[in-house]
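To start, the structure under review is shown below, and the notes come after it.
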Amino acid sequence: MTAMRVLEKPYFIIIVLIALLPVNSYGDGQWITGVIVSGLEQRMDDEEAAFEIIAANKIHKCNDKGSQTFRFYSEYEQVQNRRFELALTAFLHKKPVSLYVNGCEKGTMLVERLIIRDTLERP
C-alpha cells in the first residue's frame, strides 16, 4: 500500500489528530503554578490529618473524568496545620499558590509542598 493510500483513509487522519492534541496532565514530582483555591476541606483520618483544596482553574487526570481536588498529608499535626493555614490564607486573600505534586490517590492529586506567591511564576 502506498503512502498516498494510507493518507486517504479517514481513520489514519483521526488517529494523527488525536495524537497531536495536548494533554493537561501533571506528572509525579513537578510544580503546578498559578492555582487559585476555590475551596478547602478538612478530612478526618485515623493516621494522618489530611485536607484537600479545590482548584478553580486547574484540572488533573488522576481519574477518568478529571479532578480539581488536591490532597495534603502529613504525619505531624503541626506541619499539617501550617499547610492548612497557608491554603486558607491563599483562599481568603485570593492569592495564587504553587503546588509540588507527587502521584495520585483515589482520584486526587497528592501534594508535598505549597507556596503562596504574588506572581504566577514557577518557584
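According to UniProt numbering, the sequence shown holds residues 1 to 123 in order.
No residue lacks a Cβ here, since even glycine has one placed at the ideal position from N, Cα and C.
* **Nearest-angstrom Cα separation, counted from Q78 out to G66** => Cα to Cα, the separation comes out at about 31 Å.
* List the whole-angstrom C-beta distance separating I116 from V97, where the pair is believed to meet the contact cut-off of C-beta under 8 Å. => Your pair I116 and V97 checks out as a contact, with CB atoms roughly 5 Å apart and the cut at 8 Å.
* For T108, is the classification buried or exposed, using 16 other Cβ atoms within 10 angstroms of its Cβ as the cut-off for buried? -> Buried, because 16 or more other Cβ atoms sit within 10 Å of the Cβ of T108.
* Asked: Can you list, in chain order, the residues of its chain whose CB lies under 8 Å from that of N57, leaving out five sequence neighbours each side?
  -> For N57, where only same-chain residues beyond five positions count, the Cβ hits under 8 Å are G34, V35 and I36.
* To do: Kindly identify the DSSP beta-bridge partner or partners of G103.
  => G103 pairs with nothing; no bridge assigned.
* Asked: By DSSP, does R117 sit in helix, in strand, or in coil?
  -> Looking at R117 - three-state DSSP - the assignment turns out to be coil, as it is neither helix nor strand.
* Between which two residues does the beta strand (DSSP E) containing Q78 stretch? -> Counting along the chain, Q78 falls outside any beta strand (DSSP E), though it belongs to the alpha helix (DSSP H) covering E77 to H93.
* To do: Thinking A90 and F72 are a contact (beta carbons under 8 Å), I'd like their distance in whole angstroms, please.
  => A90 to F72, Cβ: 13 Å. No contact.
* What is the C-beta distance between L99 and L114, in whole angstroms, given that I count them as a contact (C-beta under 8 Å)? -> L99 to L114, Cβ: 6 Å. Contact.
* Beta-carbon spacing of T69, I54 below 7 Å -> Cβ atoms of T69 and I54: closer than 7 Å.
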